[in-house]
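Colleague:
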Ligand code: ADP
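Residue numbers (our numbering): 7 to 367.
1. Could you check whether the stretch 226-234 touches the stretch 274-293, counting it as contact only if at least three pairs of C-beta atoms, one from each stretch, sit closer than 8 Å?
2. So, helix, strand or coil for residue 168, using DSSP?
3. Going along the chain, which unbroken runs of the alpha helix (DSSP H) with 4 or more residues stay wholly within the stretch 24-94?
4. CB residue 287 to CB residue 325, shorter than 8 Å?
5. For a quick check, are the C-beta atoms of residue 340 and residue 137 less than 8 Å apart?
6. So residue 18 packs on residue 120, CB below 8 Å; how close in whole Å?
7. Please write down, chain order preserved, every residue whose beta carbon lies under 6 Å from a heavy atom of the ligand ADP.
8. Please report the residue range of the alpha helix (DSSP H) in which residue 132 lies.
9. To the nearest angstrom, report how far apart residue 89 and residue 214 are at their CA atoms.
10. If distances are taken between C-alpha atoms only, which option among 312, 240 and 39 comes closest to residue 71?
11. Nearest-angstrom Cα distance between residue 216 and residue 76?
12. When we look at the beta-carbon of residue 179 and count the other beta-carbons within 10 Å, is it buried (16 or more) or exposed?
13. So, does the stretch 146-154 touch the stretch 319-335, judging by three or more C-beta pairs under 8 Å?
14. DSSP has residue 230 in a bridge; who is on the other side?
15. With DSSP as the reference, identify every bridge partner of residue 185, one or two as the case may be.
16. Take the Cβ of residue 314 as the centre, count every other Cβ of all protein chains shown within 10 Å, and call the residue buried at 16 or more, exposed below.
17. For residue 261 versus residue 125, is the C-beta spacing smaller than 8 Å?
18. Nearest chain C C-beta to residue 282 closer than 8 Å, yes or no?
19. Which two residues bound the contiguous beta strand (DSSP E) that contains residue 326?
20. Which stretch, first to last residue, makes up the alpha helix (DSSP H) that contains residue 313?
21. With H, G and I counted as helix, E and B as strand and the rest as coil, what does DSSP make of residue 291?
22. Please report how far the alpha carbon of residue 342 lies from the alpha carbon of residue 330, in whole angstroms.
23. Go through the stretch 214-283 residue by residue and report every complete run of the alpha helix (DSSP H) that reaches 4 residues or more, in order.
24. Residue 33 and residue 43: beta carbons closer than 8 Å?
25. For residue 184 versus residue 172, is the C-beta spacing smaller than 8 Å?
26. DSSP on residue 363, reduced to helix/strand/coil?
27. Compute the Euclidean distance between the alpha carbons of residue 160 and residue 257, then round it to the nearest angstrom.
28. How would you label residue 296, buried or exposed, when you count the other beta carbons within 10 angstroms and need 16 or more for buried?
29. In this structure, how does DSSP classify residue 301 when only helix, strand and coil are distinguished?
30. Flag this pair as yes or no: are the beta carbons of residue 300 and residue 291 separated by less than 8 Å?
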């Protein structure tokens with residue numbers, strides 16, 4: 007039988023269980039990233055299979071894995087091969103699904119509806135939609151929270167025009183959400199000193215942050231908690247949505263084909279974790295000339311609607327490109343608050359109304 011100091015592939019596996027994937031709560035072994043561990047005397051050799059991680063994340067993982075294995079008694083040399091996995095989104099999702107995606111989910115007391123706002127990629131207006139829907143829900147008389155889980159680019163503080171650091175509720179030992187336009191909100195942007203902090207460090211915080219945002223913020227009673235998800239439909243987003251008992255997901259897309267394909271991945275992601283997709287919002291599909299009022303479908307029309315029909319999900323609406331939406335976003339004045347009578351605000355309120363109609367009262 008192996009004594010304490012005998013080096014075996016099992017010991018190496020155990021050691022690698024301490025290496026957490028950056029930004030997630032799970033380790034390399036649970037993600038089945040470690041391949042063919044071999045031990046020859048004091049030499050340990052194995053592969054780590056990557057999918058689409060950027061080089062700095064790969065380097066961090068390899069360094070952490072090497073350090074963990076080097077710490078084992080009897081190890082003199084460690085050789086790690088970086089392997090490339092052919093990524094297939096559906097396959098990935100299936101793998102995660104088989105590990106019970108609902109393990110981490112539990113309902114949150116006092117919160118009636120949790121709605122995630124997602125997009126296949128960044129820059130499509132996901133945060134803009136999240137902010138305006140949250141304010142629109144508040145305008146419609148609902149108690150609303152807004153949670154910014156977009157750790158790589160927390161834009162909620164800027165878009166809601168809020169700065170400062172949340173106070174601690176000493177009685178409950180919880181963080182008090184900030185408040186603006188009748189919406190309670192929390193963002194990593196309030197908690198980290200600068201968005202220039204290294205991505206990898208912030209990545210490591212994402213899961214912890216989201217769990218704390220859910221459990222350690224004194225939200226009080228809410229009709230709706232709107233979650234601005236990080237852009238994308240990869241493992242990070244999947245792990246996150248598995249942790250939250252979502253009542254619905256709204257997918258934001260732009261009409262360009264590539265973004266629509268990404269939106270389809272989003273649909274599949276929510277399908278796999280059993281979160282109902284409320285529908286797709288098409289953003290920046292049309293341009294309305296401020297002078298003559300003519301509406302131009304600059305990317306061609308009907309893409310969002312077609313995807314919705316194909317997948318049998320509701321088409322929630324189309325938000326035109328509107329300078330006031332961008333200016334309002336940059337100035338911390340969401341259009342539904344700044345220009346509540348504008349057509350764009352009307353579209354957001356309309357979608358908010360749909361959320362109310364399908365939500366838990
Ligand atoms: P994401 O959250 O998907 O990365 P944002 O909501 O941050 O995207 O939007 C990206 C940029 O596009 C922001 O400057 C925002 O103000 C602008 N924007 C979003 N939607 C519109 C729109 N309908 N019209 C004009 N500008 C928009």
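All residues carry an ideal CB built from backbone N, CA and C; glycine is no exception. Predicted, not measured: the structure shown is a model, and the values here were computed from it.
Modeller: So, to answer that:
1. no
2. coil
3. 61-76
4. yes
5. yes
6. In fact, because the Cβ distance is near 40 Å, the residues do not count as touching under 8 Å.
7. 125, 128, 129, 130, 131, 132, 133, 134, 161, 237, 289, 290, 325, 327, 328, 331, 332 and 335
8. 132-145
9. 28 Å
10. 39
11. 32 Å
12. exposed
13. no
14. 119 and 150
15. 190
16. buried
17. no
18. Within the model displayed, chain C is absent; a lone protein chain is all it includes.
19. 321-327
20. 309-317
21. strand
22. 10 Å
23. 241-249 and 263-278
24. no
25. yes
26. helix
27. 18 Å
28. exposed
29. strand
30. no
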